[in-house]
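Scroll down for the structure; my scribbles are underneath it.
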Amino acid sequence: MPEPILGISHATSIFERISLCPRCPLWLILSGVANREFRERLKRRAKAANISLEPALVDGLETYYQLLTKWNAKINLTAFRLTPAGEDEAIDRLLIEPVVASRYVPETARALLDAGSGGGSPAIPLKLARPNLHVRLVEVKTRKAVFLREAVRTLALRDAEVETARFEELLPRPELHESLDLVSVRAVRIETRTLLTLQAFLKPGGKIFLFRGSGTSTVETEPPPPLAWMASYPLVGALHSKLVVLSKTRV
């Protein structure tokens with residue numbers, strides 16, 4: 003957000019901001035303070051997760067989070083408590099986890115489908131961290147899909163598109179069969195039939211990223227062929243969350 007006086011963005015308190023810009027509206031001053039607090043909190047949470055964030059990634063994550071906060075007050079995009087200055091658990095789950103997971107995206111990966119995208123995490127932070135990915139966000143609820151399109155527009159994300167559908171409804175489209183390198187899943191119940199559907203979109207050697215919390219089951223049984231367990235990686239220690247990776251075996 004543009005500010006009327008050069009230097010106000012560097013002020014560390016409300017009183018300093020008022021002294022720099024006595025005629026600025028209070029909402030603008032408070033917004034600037036909240037934005038600064040958010041960026042500092044985001045960097046602290048990243049440090050706690052042993053990752054560093056490039057300035058451009060910080061900018062993108064902040065823009066996404068603030069847009070999510072604004073829309074969440076109207077259409078309930080996430081159950082997490084969102085405030086302009088940020089909350090540790092929401093930042094960890096919605097932003098830090100996907101950025102940590104981006105380290106495990108193969109360098110050769112180019113196409114990702116996110117099943118049940120909801121408010122856009124993990125797909126949008128993954129896209130911000132790995133801009134070379136073509137991302138397809140699949141969300142059945144119309145209002146959430148509208149938000150996702152607005153997020154794509156606001157963030158100027160290239161090679162990102164939104165499908166208002168259930169991911170199962172994409173199966174009749176032959177151009178999507180075995181076309182993807184990655185499928186990411188968070189807000190979807192993981193059952194054998196779910197995995198069988200999702201693997202149809204993967205190229206041989208493609209991966210399914212399952213974002214799992216401490217109290218979340220992974221799958222009801224062993225993954226069905228042609229899927230196989232590949233690895234499990236810790237994401238955020240404070241949440242005891244992990245990334246479970248399944249791989250589609252090559253025939």
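Residue numbers for the sequence shown follow our numbering, so the first one is 3 and each next one is one higher. All residues carry an ideal CB built from backbone N, CA and C; glycine is no exception. Given the structure is predicted, the values throughout are model-derived calculations rather than measurements.
Under the three-state reduction of DSSP, which class applies to K143: helix, strand or coil? coil
For L44 versus L97, is the C-beta spacing smaller than 8 Å? yes
For R138, name the three-state secondary structure that DSSP assigns. strand
What residue range does the beta strand (DSSP E) around D183 cover? L182 to V187
Check this for me: beta carbons of E39 and G88, under 8 Å apart or not? yes
Does the Cβ of S216 have 16 or more other Cβ atoms within 10 Å, making it buried, or fewer, making it exposed? exposed
Assuming F213 and R188 are in contact, meaning their beta carbons sit under 8 Å apart, how far apart are those beta carbons, in whole angstroms? 4 Å
Where does D161 fall in DSSP's three states? coil
Whole-angstrom Cβ separation of L69 and T156, contact assumed at under 8 Å? 6 Å
Comparing C-alpha positions only, which one of A92, R83 and R132 sits nearest to V107? R132
At the level of alpha carbons, what is the spacing between D183 and I210? 9 Å
Can you have a look at S54 and say buried or exposed, based on whether 16 or more other CB atoms are within 10 angstroms of its CB? exposed
Can you tell me the Cβ-Cβ gap for V247 and E99, rounded? I've got them flagged as a contact below 8 Å. Between E99 and V247 the Cβ distance is about 14 Å, and since that is not below 8 Å, they are no contact.
Whole-angstrom Cβ separation of P206 and R252, contact assumed at under 8 Å? 4 Å
Name the one or two DSSP bridge partners that R41 has. None, per the DSSP bridge assignment.
Out of I77, K76 and I93, which one is the CA nearest neighbour of E42? I93
Burial state of S123 (16 or more Cβ within 10 Å): buried
Under three-state DSSP, which class holds A230? strand
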